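One structure is given here, and the rest of the page talks about it.
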Amino acid sequence: MSDVNTNPNGFEPNIVAFLCNWCSYAGADLAGTSRIKYPSNVKVIRVMCSGRVNPMFVINALQQGADGVLVAGCHPGDCHYAQGNYFARRRMAVLKNLLEYIGIEPERVQMAWVSAAEGQKFADVIKEVTEHVKKVGPMRWFRRENVW
């Protein structure tokens, strides 16, 4: 993690990242052990497969104070559970449509493919998601009962 969190406006988004145990979480671990700098405002939740991320997990994260959510998994075709990442991609596409329908910016939810050997890519994805959510601004739609 790093000290890259220096925003003159004072808004640093809370990002929740659901990471696949086999690829993306290992990529995050590699980024950490390699001392690659990336924003420290990310809360990582390890899941066995990105395909097991229920869209309600994403909505609950937004409800409880997250400004953005990242779901990251194995590259297509490399899933340890055969088709889990394809399921995740479809679920996130439907979720983005739902978010747009209810008035939440679908850009708050991002999906990425990061393998275990891509520590630098993980850091780049985190930086990209953080910058994207900064542009969208803080989450105001839900009441913030539990701030991370």
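Position 112 of the sequence shown, counting from 1, maps to 112 under the working numbering, and the rest follow consecutively.
The beta-carbon is built from N, C-alpha and C at its ideal position, and this holds for glycine as well.
As the structure is a prediction and not an experimental result, all values here were calculated from the model.
- Here the C-alpha atom of Ala17 lies approximately 18 Å from the C-alpha atom of Val94.
- Assigned with DSSP and collapsed to three states, Arg91 falls in helix.
- Gly73: member of the beta strand (DSSP E) spanning 68–73, first to last residue.
- Between Ala112 and Ala72 the beta-carbon gap is near 5 Å, inside 8 Å, which marks them as a contact.
- Counting C-beta pairs closer than 8 Å gives fewer than three between the stretch 43–61 and the stretch 130–139, which falls short of the contact rule.
- The Cβ atoms of Arg35 and Asp67 lie no closer than 8 Å to each other.
- Residue ranges of uninterrupted alpha helix (DSSP H) with 4 or more members, entirely inside the stretch 7–85 and ordered along the chain, are 24–33, 55–63.
- The count of Cβ pairs closer than 8 Å, one atom from the stretch 30–44 and one from the stretch 124–132, reaches three, so the stretches are in contact.
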